[in-house]
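**Q**
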Amino acid sequence: MYQSPGLLAEIVISLFLVIGGLFGLVGAIGLLKLKDTMQRLHAPTKATTLGVGGCLIGSMLYYLLIDGRVSFHELLIALFLFLTAPITANFIAKTWMTANLRKEDLPPSGRPHGWAIYDDPPGGDPRD
Amino acid sequence: MLRRALPHPLLTLILTIVWMMLVNKVTLGHLFLGVVLGVVIPGLTAPYWPNRPKLGRPLKMAEYATIVLWDIIRANVTVARIVLFKPVVDIHSQWVALPLDLTSPEAITALAGTITMTPGTVSATLSSDGGALLIHCLHNDDPDAVCREIKHRYERRLKEIFE
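For the record, the sequence lines run as chains W and U.
Just so you know, we're using UniProt numbering here: the first sequence kicks off at 1 and counts up by one.
Just so you know, we're using UniProt numbering here: the second sequence kicks off at 1 and counts up by one.
1. Going along the segment 131-150 of chain U in order, which residues come within less than 7 Å of chain W, judged by CB to CB distance?
2. I'd like the span of the beta strand (DSSP E) that includes alanine 132 of chain U, first residue to last.
3. Can you tell me whether DSSP reads aspartate 128 of chain W as helix, strand or coil?
4. In the DSSP assignment, what are the bridge partners of glutamine 94 of chain U?
5. Counting only Cβ-Cβ distances shorter than 8 Å, please list the residues of the segment 83-113 of chain U near chain W, keeping chain order.
6. Going by the CB atoms, is the gap between isoleucine 57 of chain W and phenylalanine 16 of chain W shorter than 8 Å?
7. In whole angstroms, what separates the C-alpha of leucine 133 of chain U from that of glutamate 104 of chain W?
8. Hey, would you say histidine 92 of chain U sits closer than 8 Å to glycine 120 of chain U, going by beta carbons?
9. Using a C-beta to C-beta distance shorter than 8 Å, which residues of chain W count as neighbours of aspartate 129 of chain U?
10. Short of 7 Å in beta carbon distance, which residues of its chain neighbour alanine 97 of chain U, apart from the five on each side in sequence? Order them along the chain.
11. Tell me the rounded alpha-carbon separation between serine 123 of chain U and threonine 116 of chain U.
12. Residues of chain U with CB closer than 8 Å to the CB of threonine 45 of chain W, please, in chain order.
13. If you check the beta carbons only, do proline 42 of chain U and proline 7 of chain U fall under 8 Å apart?
14. Can you tell me where the alpha helix (DSSP H) holding valine 23 of chain U begins and where it ends?
15. Counting only the same chain and skipping the five closest in sequence on each side, list residues whose C-beta sits under 7 Å from that of proline 143 of chain U.
16. For methionine 61 of chain U, go through chain W and note every residue whose CB falls closer than 9 Å to its CB, in chain order.
17. If you check the beta carbons only, do valine 39 of chain U and lysine 33 of chain W fall under 8 Å apart?
Take a look at the structure:
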């Protein structure tokens, strides 16, 4: 019988892959099931972070335990994902709000100035 | 002289490390190339960031990163439960306005990113004077509790890191 470098290692790696896959699936189900765009935004921004995260951990463990070397690419993928995912979500949210919501649909900002997608910033320039 | 050569030592360090991670092996040649990139790129881009943030307290940053990672795992489970088991009509989404104590743009960006990645909340927009953040909650009946938790868990810590 084929003796792998560690049955336990393979089980652990598979476990992370399955967790990753499950959360990816949940993200997809959320996209299908939820009602409007803002709700749908929640599914991919959350469920997929752990979905991708699970696969990345699985991949790192594979290189570490079976190939016997340390791989850093996964850390970079996670880093870039964390930098870009909130920005994409923010862009989609803003675009949707501009197209579908009126000022009255949102709660007041509690400030002298309203929300940035409707009101101009004080003094002409956005705060820098 | 050193200040001219290395206008942004932290960025130099980060670029070098990212380069080493990209090539995925540690050799002297790649380290040299990484350091060269880390010195050249901040030098070339220096005019684009006239007032850069002061970052201190690496321990606080590590603490913050740990808390956020843990919350992301919790968020995944919470959102997965809502998505899988709650009938669509029972999901009460709502907008919440969060007054901000943070003033530096970098800190607000970090907070907005954190909010998007964590339990059932997505940050949507800022008020035009930068003093309040509009958040969309997937399922929540108590907006004040959301504000309190974000302020206590994230904003307080970001204030210590950035300001």
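Even glycine gets a Cβ: it sits at the ideal position worked out from N, Cα and C.
**A** To lay it out plainly:
1. Within the segment 131-150 of chain U, the residues whose Cβ lies closer than 7 Å to some Cβ of chain W are Gly131, Ala132, Leu134, His136, Leu138, listed in chain order.
2. From DSSP, the beta strand (DSSP E) with alanine 132 of chain U extends over 132-137.
3. Legend: pLDDT at aspartate 128 of chain W = 46, less than 50; position of this residue unreliable, no value from coordinates given.
4. BP columns for glutamine 94 of chain U point to U/Cys137.
5. Identification of residues in the segment 83-113 of chain U having a C-beta nearer than 8 Å to some C-beta of chain W yields Val83, Leu84, Val88, Ile91, Ser93, Trp95, Val96, Ala97, Pro99, Pro105, Ala112, Gly113, given in sequence order.
6. Cβ atoms of phenylalanine 16 of chain W and isoleucine 57 of chain W: closer than 8 Å.
7. Looking at the backbone, the Cα of leucine 133 of chain U and that of glutamate 104 of chain W are separated by about 16 Å.
8. Contact: no.
9. Proximity of chain W to aspartate 129 of chain U at the Cβ level (cut-off 8 Å) is accounted for by Arg111, Pro112, His113, Pro121, Pro122, Arg127, in chain order.
10. Here the set comprises Ala132, Leu134.
11. In a straight line, the C-alpha of serine 123 of chain U is about 5 Å away from that of threonine 116 of chain U.
12. Near threonine 45 of chain W (Cβ distances below 8 Å), the residues of chain U are Thr116, Met117, Val122.
13. It is a contact, given that the beta carbons lie within the stated cut-off.
14. Membership of valine 23 of chain U in the alpha helix (DSSP H) is indicated by the continuous run 9-23.
15. So the qualifying residues of the chain are Gln94, Val96.
16. Neighbours of methionine 61 of chain U on chain W: none; closest Cβ ~14 Å, over 9 Å.
17. No; because the gap between Cβ atoms is not below 8 Å, this pair is not in contact.
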